[in-house]
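Let me begin by presenting the structure, written as structure tokens, before commenting on it.
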Amino acid sequence: MSRHSFITRHAAPLAASLALLLLAVCFAFPFLWMLFAGFKIDAEIFTPFPILPRVFDTANYGSLLGGEWIPYPRLFLNSLFIASAETVLGTAFACAAGYLFAKFEFRGKRVLFAAAVLTVLIPRQVMILPLFSWMHTLGLLDTPWAVILPGASSGIGLLWFTAVFKRLPDGLLDMARIEGAGEYRVFWTALPLIKPALIAFALIQFTLAWQEHLIPLVMLFSKQNLTVSIGLASLHAGSQRVPLGLIMAGCTLTLIPTALFFALAYRHFRTALGRLTEA
Amino acid sequence: MTALIIDKLGKRYGDGTPALRDFSLEVADGELVAIVGPSGCGKSTLLRTVAGLEEESSGTVRLGDRVLNGRAPKDRDVALMFQSYTLLPHLTVAENLAFGLKLRGTPRGERAAAAREAAALLGIGNLMDRLPSEISGGERQRVALGRAILRKPQAFLFDEPLSSLDAQMRLQLRVEIQRLHQRMQVPMLFVTHDQTEALTLGDRVVVLDKGVIQQVAPPEELYHRPANAFVASFIGAPGMNLFAGRVSDDAVGFGLRFTSPALSFAVPADREAAVRGRGAVTAGLRPEHLRPAEGGSENAGGLLRGAVTAVERQAGQTTLYLEAEGDRSAQPSVRSVPFAARVSGDFPARPGELRGWTFDPADLFFFDAEGRKIP
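One line per chain: the protein sequences are A and B, in this order.
With the first letter of the first sequence counted as 1, position 66 gets the number 66 in my numbering; the numbers rise by one all the way through.
Heads up, my numbering is the position in the second sequence plus 1000, with the first residue counted as 1.
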């Protein structure tokens, strides 16, 4: 075996693996630090090494879940409800609208589509005042719906599902029509065919809803009605002397739903992106 | 009796271009009518309009005494078999077969029984639990065929169902469709761009061009009595050779003479009356009616000489593509006149060779200036 082939066969892949490992450590470190910091007492937290706590102290989790500073379990449930509702409604609306834009001709289609694209370009900060005033008129302020309804309309979702349905062959839909499906049933028949795209969008929608800060901050006031991200942020307000470990514990718990969802749906996410980006 | 009656059907696209003009056809119960034409001739539009997937611009479609216009596809009770594979990828073969029945609310047990029966009929009984991705293209089209028949539709439409299959599969499935045609006493419309399919499957064949019916006739008649130059050149492989020319009195006064740049001959006495005084006339000769002349030089009977441009050898016969010298004064691109000849399989020919041909005047066809056949 020549020297050259030894390098290309073994040394180069090894170097690449090492480089990737180094990157992985860089990315993983803050998360690991957060995970372990939740079990540390404050005196320990500011020395990064050793990364492992001397004793695994669960006092932070105890006082967090006990509601000593914020009603954490309640906020967690609020967030779960809001993010789930936004995901279900947002996916349903975007999917149905995308199907319509991709497969039907109707008056004003181009104008409506352009309007939908524009909503993607307008930052939320610009829309927050009118949204607030609408929610006030509807009497929904300080309820989960004041967060869910704005979050359930998604211009990106419309673009995404229009692209997805455009790729779906008309033959299958025509077949369903001939075989005896009405138009709603045809749509229903098409849904399993785009399952990866549906799950991928739901995943993105859930993650964004879970992290959303601005809209819940403006729409929700009572301590009991906040979302978990607002609750955690309020802990960091300097006037209070909340143990840093407790905040880290809160962050760790808050990561669980998105991480879980991602782990379960990642396979579909990859398939959907692959299908949409292939030539 | 539930004949499919299409009456003066017209279809325009959004921009006003006509796809179908005054299409009228009656397909009897148990009759299979094949519709053939070049791509873009409107044949698929016709099927989609009959099925209700597209809306007609004018005319009516009836099934027996039931008017189909304005009804949704699902309420028309017709089956349509598509060119592309239209099985649902997440359902098994059995579920795909029973899909139509499920949509119509047939109970589960009945559905399974019907699916088994159709599968046995088409020889796919062993595939019932497979997914479409796990079976071959030919098998997929069999499943699609099975799905269409087990619903017992009032009419059967085929939109080039064989064109995505390889040659052998196509032959097998063609036989399957013929069997189906014997069994099912419903009107059937079969659209194809492949004339062999049309001629072998159709009780009658419709030749369609630019949305207009050119001829409706049994397969044999299309070949022997083409209504116009389009049908003549479309039917046959290759189609009829056409020579555009003029008919005029012979200079020496011995009757009529046909002259064109590539071909000139004395009009046979029994045809003189028909072509006299028409001026511009197109003469047609089928490739299989051309006979090689001795030596390829001066020859009697007919005068057609051309240089061989391509030799296509098939089992038992050979098709020669030739070019005759045409009008020298014309544009270079149209200066030569292409034609084809069908000869025996062992006929010696090489590209570039000059060959002379004769023919029997009885085999000649004449078409008038509008392309209509002169009797």
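Ideal Cβ placement from N, Cα and C applies to all residues, glycine included.
Because the structure is a prediction, the values reported are computed rather than measured.
CB contact below 8 Å: residue i versus chain B
i	result
residue 102/A	no
residue 178/A	yes
residue 142/A	no
residue 181/A	yes
residue 274/A	no
residue 168/A	no
residue 198/A	no
residue 107/A	no
residue 191/A	no
residue 269/A	no
residue 185/A	yes
residue 57/A	no
residue 172/A	yes
residue 219/A	no
CB contact below 8 Å: residue i versus chain A
i	result
residue 1084/B	yes
residue 1051/B	yes
residue 1131/B	no
residue 1100/B	yes
residue 1269/B	no
residue 1074/B	yes
residue 1094/B	no
residue 1111/B	no
residue 1066/B	no
residue 1089/B	yes
residue 1080/B	yes
residue 1071/B	no
residue 1103/B	yes
residue 1297/B	Residue confidence is low: residue 1297/B scores 45 on pLDDT, short of 50, so the model does not pin down where it sits. Its coordinate-derived value is still stated next. So, not an interface residue.
Residue span of the alpha helix (DSSP H) that contains residue i, given as start and end
i	result
residue 1159/B	Unbroken run through residue 1159/B is the beta strand (DSSP E), 1155 to 1159; no alpha helix (DSSP H).
residue 1305/B	Counting along the chain, residue 1305/B falls outside any alpha helix (DSSP H), though it belongs to the beta strand (DSSP E) covering 1304 to 1314.
residue 1273/B	1272 to 1275
residue 1174/B	1167 to 1183
residue 130/A	124 to 138
residue 1051/B	1043 to 1051
residue 150/A	145 to 152
residue 174/A	170 to 179
residue 84/A	72 to 103
Distance CB(residue i)-CB(residue j) smaller than 8 Å
i	j	result
residue 1208/B	residue 1374/B	no
residue 200/A	residue 97/A	no
residue 1308/B	residue 1239/B	no
residue 1097/B	residue 1147/B	yes
residue 1369/B	residue 1357/B	no
residue 1365/B	residue 1318/B	no
residue 179/A	residue 1103/B	yes
residue 1234/B	residue 1190/B	no
residue 95/A	residue 161/A	yes
residue 1282/B	residue 1222/B	no
residue 1224/B	residue 1032/B	no
residue 1291/B	residue 1359/B	yes
residue 1229/B	residue 1367/B	yes
residue 165/A	residue 109/A	no
residue 1054/B	residue 1060/B	no
According to DSSP, residues forming a beta bridge with residue i
i	result
residue 1081/B	1158/B
residue 1093/B	For residue 1093/B, which the question treats as bridged, DSSP gives no partner whatsoever.
residue 30/A	Note: residue 30/A sits in no beta bridge, so no partner.
residue 1246/B	1259/B, 1280/B
residue 1341/B	1320/B
residue 1264/B	1259/B
residue 1373/B	1367/B
residue 1228/B	1372/B
Residue i versus the options, residue with shortest Cα-Cα distance
i	options	result
residue 1345/B	1339/B, 1314/B, 1367/B, 1235/B	1314/B
residue 1130/B	1089/B, 1158/B, 1138/B	1089/B
residue 1261/B	1338/B, 1182/B, 1161/B	1338/B
residue 92/A	181/A, 233/A, 188/A, 266/A	188/A
residue 79/A	155/A, 210/A, 140/A	210/A
residue 36/A	64/A, 72/A, 249/A	249/A
residue 1354/B	1303/B, 1274/B, 1185/B	1303/B
Delimiting residues of the beta strand (DSSP E) encompassing residue i
i	result
residue 1357/B	1354 to 1358
residue 1215/B	1212 to 1217
residue 1188/B	1188 to 1192
residue 1008/B	1004 to 1012
residue 116/A	Segment 109 to 121 is the alpha helix (DSSP H) holding residue 116/A; no beta strand (DSSP E) there.
residue 1209/B	1204 to 1209
residue 1132/B	Where residue 1132/B is concerned, there is no enclosing beta strand (DSSP E), given that its DSSP letter is neither H nor E.
Any non-hydrogen atom of the ligand ADP within 7 Å of residue i CB
i	result
residue 218/A	The ligand ADP is not part of this structure, which contains no ligands at all.
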